[in-house]
Amino acid sequence: MNLKQARYIRTIAQEGGVTAAAKKLYISQPSLSQMLRQIEGELGVELFDRTVQPFRPTYAGECYLRAAQAMLSANEILENEIQQIRQEDRGRLRLGISMQRSARLLPQVLPQFIKSFPQVRLELREAGSAMLEQMVLEGEVDLAFASTEGGIPGLAYQLIQRETIGILAAYDTPLAQALPSGTPIQLEQAMDAPFVSLKTGHNVRIVQDRLFQEHGLNPTLFLESDNMEAARQITVNCGCYMLCAHSYTAGQGCFYPLAGYDNQRHFCACYRQGKRLPRYVQTILHLVAQSLAPDGS
15 MNLKQARYIR
25 TIAQEGGVTA
35 AAKKLYISQP
45 SLSQMLRQIE
55 GELGVELFDR
65 TVQPFRPTYA
75 GECYLRAAQA
85 MLSANEILEN
95 EIQQIRQEDR
105 GRLRLGISMQ
115 RSARLLPQVL
125 PQFIKSFPQV
135 RLELREAGSA
145 MLEQMVLEGE
155 VDLAFASTEG
165 GIPGLAYQLI
175 QRETIGILAA
185 YDTPLAQALP
195 SGTPIQLEQA
205 MDAPFVSLKT
215 GHNVRIVQDR
225 LFQEHGLNPT
235 LFLESDNMEA
245 ARQITVNCGC
255 YMLCAHSYTA
265 GQGCFYPLAG
275 YDNQRHFCAC
285 YRQGKRLPRY
295 VQTILHLVAQ
305 SLAPDGS
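Shown next, in the form of structure tokens:
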């Protein structure tokens, strides 16, 4: 059975005969009669009792019609879904984001996104920023929000938020006792207390290792973590320092920008170059940028 046969047999049953069904289907009566005989010949049974008017489905006909209706209903659902996808009201968004950004941004962004696109299925992949660009390149995610320098061939970038790199210091550290928060410092000024660090694979760890190496520094490491929130809380509660972006400080502890350091890594959205972005992707980009704007606009 194909869709055409299913539709024709259903119409014969609905109209009670071949003549009326042919008229409704805009085909000739002989053509419809021939198709009915062909189907019955292939099945080896009659689908309609032709001795009564209107035609009455046989038991085999009732079975056929149930299957035909299921096929036509499934096709109608599929056509509606495809139409919604064409209109960009339905789809799937595979989103890559760091765990830290996920915890902070998604509770703000998703309520409005879901309200606007209830038929878009969201699949979340959480990873360090250093891995997210590769996931986009390999097709594991459609869109990623990451702190990055950008410039990887094959990817397009949209700047979401500029980031200032510096030292987060607990209030009881020598640095916090000596200088007001916000004072630009040299990295060497933050070597009098142990450091909390994110593990390899995170964007800020790449920056940190490079800076320590360039300055010939080997600070005492208190601990490493994969969780930015845990690392931040430990830093401010255990008398430590942590190198991070200002956007991660959440107003806790003291923050000291690195004097003379021109940060090249900023919070961006990235996706495959040349790929057309559906409306729902454009919407989530706007919502994320709006949530991070200084005035919330």
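Here my numbering is used: position 205 in the sequence shown is 219, and no number is missing along the way.
Positions of the beta carbon are idealized from the N, C-alpha and C atoms, including for glycine.
Could you tell me which residues DSSP puts in a beta bridge with residue i?
| i | result |
| --- | --- |
| Glu238 | Ser211 |
| Thr162 | His280 |
| Leu169 | Arg286 |
| Asp63 | Arg70 |
| Leu291 | DSSP, once it has assigned bridges, lists no residue as partnering Leu291. |
| Glu140 | Ile111 |
| Ile179 | Ala259 |
| Phe269 | Leu182 |
| Arg106 | Arg135 |
For a test of the three-state rule: what should DSSP assign to residue i, helix, strand or coil?
| i | result |
| --- | --- |
| Pro198 | coil |
| Cys77 | helix |
| Thr297 | helix |
| Asp156 | coil |
| Val134 | strand |
| Pro121 | helix |
| Gly30 | coil |
| Thr44 | The sequence as given places Pro at residue 44; Thr does not occur at that position. In the structure shown, Pro44 sits in a helix (DSSP, three-state: H, G or I). |
| Tyr262 | helix |
| Ala184 | coil |
| Phe127 | helix |
| Tyr255 | strand |
| Leu146 | helix |
Report all residues from its chain with a CB closer than 6 Å to the CB of residue i; omit the five preceding and five following residues, and keep chain order.
| i | result |
| --- | --- |
| Ser311 | Residue placement at Ser311 is flagged as unreliable, the pLDDT there being 45, under the threshold of 50; the coordinate-derived value follows with that caveat. Within the same chain, Ser311 has no close Cβ partners at all. |
| Leu182 | Thr249, Met256, Cys258, Thr263, Gly267 and Phe269 |
| Tyr171 | Gly164, Cys282 and Cys284 |
| Leu39 | Thr25 |
| Ser195 | Cys268 and Phe269 |
| Val59 | Ala74 |
Cutting at 8 Å between CB atoms, please list the residues of its own chain near residue i, excluding the five before and the five after it.
| i | result |
| --- | --- |
| Val302 | Leu119, Val123, Phe159, Ile174 and Ala283 |
| Met49 | Gln19 and Tyr22 |
| Leu151 | Ile166, Gly168, Leu169 and Arg286 |
Within its chain, find whatever has a CB closer than 7 Å to the CB of residue i; leave out the 5 residues flanking it on each side and keep chain order.
| i | result |
| --- | --- |
| Gln43 | Val32, Thr33 and Ala36 |
| Thr197 | Tyr270 |
| Gly215 | Gly142, Ala144 and Met145 |
| Arg176 | His280 |
| Pro115 | Note on identity: in this sequence residue 115 is Arg, with Pro being the wrong assignment. The residues are Phe159. |
Verify whether the separation of the beta carbon atoms of residue i and residue j is less than 8 Å.
| i | j | result |
| --- | --- | --- |
| His229 | Thr178 | no |
| Phe127 | Thr249 | no |
| Pro279 | Asn241 | According to the sequence provided, residue 279 is Arg. The question's Pro does not apply to it. Contact flag unset, no. |
| Arg80 | Gly110 | no |
| Met113 | Ala20 | no |
| Asp186 | Tyr285 | no |
| Gly30 | Pro68 | yes |
| Tyr325 | Ile23 | Shown here, the chain extends from 15 to 311; a query on residue 325 therefore has no answer. |
| Leu189 | Gln200 | no |
| Glu243 | Ala117 | yes |
| Leu61 | Glu54 | yes |
| Tyr275 | Phe131 | no |
| Ala192 | Cys254 | no |
| Met15 | Ala74 | no |
| Leu212 | Gln287 | no |
What I want to know is whether the C-beta of residue i ends up closer than 7 Å to one or more non-hydrogen atoms of the ligand NAD.
| i | result |
| --- | --- |
| Tyr255 | The ligand NAD is not part of this structure, which contains no ligands at all. |
For residue i, would you say it is in contact with chain C, using Cβ-to-Cβ distances shorter than 8 Å as the test?
| i | result |
| --- | --- |
| Gly30 | You won't find chain C in this structure, because it holds only one protein chain. |
Subject >> Stretch-stretch touch, CB-based, cutoff 8 Å, three pairs: the segment 216-224 with the segment 159-170 >> reply: yes
**OP:** Pair every Cβ in the segment 265-274 with every Cβ in the segment 133-148, then say whether three or more of these pairs are closer than 8 Å.
**Re:** no
Original post:
Given 8 Å as the limit, is there contact between the segment 224-243 and the segment 201-211, that is, 3 or more CB pairs closer than that?
Top reply: yes
Original post:
Is the segment 102-112 touching the segment 134-141 in the sense that three or more CB pairs, one from each, lie closer than 8 Å?
Top reply: yes
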